[in-house]
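Residue 663 is where the sequence shown ends in the numbering used here, and the numbering goes up by one at each step.
Where is the CB? At the ideal position from N, CA and C, for every residue including glycine.
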Amino acid sequence: MTAQPTTPDTAPDPRARVSFWLEDAGDDLSPRPPLDGSIDVNVAILGAGFTGLWTALELLKREPSLRVAVVEREIAGFGASGRNGAWCSGELNIGMDLLAERHGTEAAKAVRRAMHDTVDEVARAAADEGIDAGFRKGGTLLVARGPAEMPALRATAEEYERFGFGDHCRVLDRDELNRRLRVDGAAGALHLPDCAALHPGRLVRGLARAVERRGGTIFEQTPVTSFSAATRTTPVAGTRTAPGAATRTTPVAATRTAPVAGPAGGGRAVLRTPTGDVRAETVVLAGEAYLAELPQLHRQLLPIYSLIVLTEPLTDEQWAAIGWSGHECVSSFRLTIDYLSRTPDGRVLFGGRGAPYHFGSRIDPRFDRDETTHAMLRRMLVRWFPALRGIRFTHAWGGPLGMPRDWMPSFSFDPGAGIASARGYTGHGVATSNLAGRTLADLITGRRTALTELPFVNHRSRDWEPEPLRWMGARFVQLSLMRLDRLAERRGRAPTGRSLAERLARH
Ligand SMILES: Cc1cc2nc3c(=O)[nH]c(=O)nc-3n(C[C@H](O)[C@H](O)[C@H](O)COP(=O)(O)OP(=O)(O)OC[C@H]3O[C@@H](n4cnc5c(N)ncnc54)[C@H](O)[C@@H]3O)c2cc1C
Numbered sequence: 157m158t159a160q161p162t163t164p165d166t167a168p169d170p171r172a173r174v175s176f177w178l179e180d181a182g183d184d185l186s187p188r189p190p191l192d193g194s195i196d197v198n199v200a201i202l203g204a205g206f207t208g209l210w211t212a213l214e215l216l217k218r219e220p221s222l223r224v225a226v227v228e229r230e231i232a233g234f235g236a237s238g239r240n241g242a243w244c245s246g247e248l249n250i251g252m253d254l255l256a257e258r259h260g261t262e263a264a265k266a267v268r269r270a271m272h273d274t275v276d277e278v279a280r281a282a283a284d285e286g287i288d289a290g291f292r293k294g295g296t297l298l299v300a301r302g303p304a305e306m307p308a309l310r311a312t313a314e315e316y317e318r319f320g321f322g323d324h325c326r327v328l329d330r331d332e333l334n335r336r337l338r339v340d341g342a343a344g345a346l347h348l349p350d351c352a353a354l355h356p357g358r359l360v361r362g363l364a365r366a367v368e369r370r371g372g373t374i375f376e377q378t379p380v381t382s383f384s385a386a387t388r389t390t391p392v393a394g395t396r397t398a399p400g401a402a403t404r405t406t407p408v409a410a411t412r413t414a415p416v417a418g419p420a421g422g423g424r425a426v427l428r429t430p431t432g433d434v435r436a437e438t439v440v441l442a443g444e445a446y447l448a449e450l451p452q453l454h455r456q457l458l459p460i461y462s463l464i465v466l467t468e469p470l471t472d473e474q475w476a477a478i479g480w481s482g483h484e485c486v487s488s489f490r491l492t493i494d495y496l497s498r499t500p501d502g503r504v505l506f507g508g509r510g511a512p513y514h515f516g517s518r519i520d521p522r523f524d525r526d527e528t529t530h531a532m533l534r535r536m537l538v539r540w541f542p543a544l545r546g547i548r549f550t551h552a553w554g555g556p557l558g559m560p561r562d563w564m565p566s567f568s569f570d571p572g573a574g575i576a577s578a579r580g581y582t583g584h585g586v587a588t589s590n591l592a593g594r595t596l597a598d599l600i601t602g603r604r605t606a607l608t609e610l611p612f613v614n615h616r617s618r619d620w621e622p623e624p625l626r627w628m629g630a631r632f633v634q635l636s637l638m639r640l641d642r643l644a645e646r647r648g649r650a651p652t653g654r655s656l657a658e659r660l661a662r663h
């Protein structure tokens with residue numbers, strides 16, 4: 157391999173250096189004006205990533221007269237939504253067995269069906285808004301990279317069968333896999349059709365413009381420093397309240413024609429920023445990993461860094477050598493996650509976890525790049541595809557994803573407090589955030605739908621442990637899983653599943 161640049165530092169606009177996706181979004185990244193003085197709206201949303209923007213869009217589709225404001229610390233797409241591995245996947249990072257154990261078999265199946273439908277819904281909704289997000293539905297290829305990964309492949313296929321989704325999972329032997337994709341040492345693969353590769357930068361930037369076209373306002377470079385719940389005084393039996401908040405059951409839809417409260421804004425939920433308050437009937441917290449920076453939610457999510465390297469565009473000969481004409485999203489069965497995708501302009505993206513968790517759940521732009529992990533990812537890519545030895549890597553970046561203690565996403569709405577939130581996608585938020593946006597929009601506008609019955613709704617994970625326990629536990633699991641992967645590769649035998657780290661990371 158030749159010496160590689162580690163950042164897209166050549167991008168003329170520093171905002172584009174966050175990721176290849178923002179650099180290649182084809183959009184002017186100049187920030188929109190910040191909030192300038194306090195305002196009153198119907199719905200105030202923290203965060204202009206997929207969650208905040210899908211929620212805003214879906215609210216405005218349901219109720220075009222709503223006043224919706226999105227408050228973003230940087231620019232739309234600055235977070236994970238503008239940095240991810242491009243998998244718009246119908247799979248969650250939580251197993252069906254565990255879902256069924258916690259919520260019942262029917263609920264688990266409803267989740268899987270909703271997630272599968274969401275992949276097509278993302279394509280449909282983006283097309284409706286005129287967004288060309290390079291959507292290619294080639295499915296997922298889960299590759300067993302040697303005999304040690306075959307037990308996990310078989311267990312996954314069995315799980316699909318057991319829950320009645322056998323037609324959403326096909327086992328490929330080595331030859332069939334080779335006809336699709338030539339991975340060194342692969343023993344077989346699963347093909348799951350419910351996944352598309354897309355261009356997250358174009359999607360997130362396009363969604364921001366779509367929200368504005370429908371009348372929403374986005375304030376950029378406006379950090380939310382705190383939030384507070386509504387303090388209405390009309391208690392109604394049976395509603396859940398946030399601590400310290402009186403109850404209120406009127407969903408926003410019922411109040412949409414009423415004028416938005418005046419400057420005093422008594423009893424409203426509030427997003428506070430250095431340049432003014434945004435008072436609203438409903439505040440939506442859509443900051444994913446970054447929500448851990450707010451004291452009230454500090455222990456709800458563990459910010460885990462996922463890092464990515466990207467090659468130059470491959471030549472026709474290189475594509476011919478590795479195959480991959482189906483544009484599948486690709487991963488192995490390692491315990492330490494890896495993920496690959498093809499970009500619309502013909503590069504290979506290789507991402508993985510493995511960068512260290514930072515004490516105190518710290519998030520810092522310096523952590524977006526970790527040369528040890530990035531170098532490892534470059535080496536891994538060439539091990540997957542020896543035909544790409546010598547390829548030039550042009551970009552390296554990363555970002556934090558949000559992990560709840562029980563790996564289960566939550567879409568919540570407390571009408572009494574006027575607080576909604578969707579979070580905890582554990583690295584599977586590209587599709588899930590669309591489902592979250594539609595669900596929150598239904599909840600906030602008082603609609604009861606199949607989505608509002610899903611077990612994500614008002615789910616609350618227990619908190620992560622306080623430090624230093626959190627750091628000790630996270631680092632122990634991260635390092636142990638990496639060691640187990642190395643051992644499994646060397647010995648050609650699967651990890652037993654009984655080690656403490658595997659049990660702690662069970663999901
Ligand atoms: C490297 C990487 C690879 C990934 N790969 C995939 C993948 O291939 N497929 C998949 O499904 N998922 C993937 N994910 C996860 C996925 O990208 C996220 O789950 C999803 O984008 C979350 O969207 P979001 O809008 O909830 O959060 P974000 O996109 O993180 O948006 C949150 C926004 O809130 C803003 N914000 C935060 N705090 C404040 C504040 N106090 N005030 C104002 N604004 C604030 C941030 O600036 C940010 O723009 C990946 C994540 C990472 C980091």
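Under the 10 Å beta carbon count, PRO542 is surrounded by fewer than 16 other beta carbons and is classified as exposed. When the alpha-carbon of ARG579 is set against those of PRO349, LEU441, HIS324, the nearest one is in LEU441. In this structure, ligand 1 has no non-hydrogen atom nearer than 7 angstroms to the beta-carbon of THR211. Ranked by Cα distance from GLY208, the options ARG535, LEU191, LEU656, ILE231 are led by ILE231.
DSSP places TYR495 in the uninterrupted beta strand (DSSP E) bounded by 494-498. For ALA364 and THR652, the gap between their C-alpha atoms comes out near 46 angstroms. With 16 or more other Cβ atoms inside 10 Å of its own Cβ, THR211 counts as buried. Collapsing the DSSP output to three states places THR312 in a helix.
Around the C-beta of PHE612, 16 or more other C-beta atoms lie within 10 Å, and the residue is accordingly described as buried. At least one heavy atom of ligand 1 sits closer than 7 angstroms to the Cβ of PRO556. Taking 8 angstroms as the upper bound for CB-CB distance, PRO303 and PRO459 are not in contact here, some 35 angstroms apart. The Cβ neighbour count for LEU643, taken over all protein chains shown within 10 Å, is under 16; the residue is labelled exposed.
THR528 and LEU635 have their alpha carbons spaced roughly 14 angstroms apart.
For GLY235, same chain residues with a beta-carbon under 6 angstroms away, outside a window of 5 residues either side, are GLY205 in chain order. Assigned with DSSP and collapsed to three states, GLY507 falls in strand. Taking 8 angstroms as the cut-off, the Cβ atoms of ARG498 and ALA345 do not count as close. Secondary structure of HIS514 (DSSP, three-state): coil. VAL426 sits close to PHE383, with the two beta carbons spaced by under 8 angstroms. For PRO556, the enclosing beta strand (DSSP E) stretches over residues 549-559. In the three-state DSSP reduction, GLY233 falls in the coil class, being neither helix nor strand. The way I'd put it, the stretch 429-449 doesn't touch the stretch 502-512; fewer than three beta-carbon pairs between them come closer than 8 angstroms.
If you draw a 10 Å sphere on the C-beta of THR595, you find 16 or more other C-beta atoms in it, and that means buried. Taking C-alpha positions only, ALA531 is separated from GLY294 by approximately 28 angstroms. Counting along the chain, ARG326 sits inside the beta strand (DSSP E) bounded by residues 326-329.
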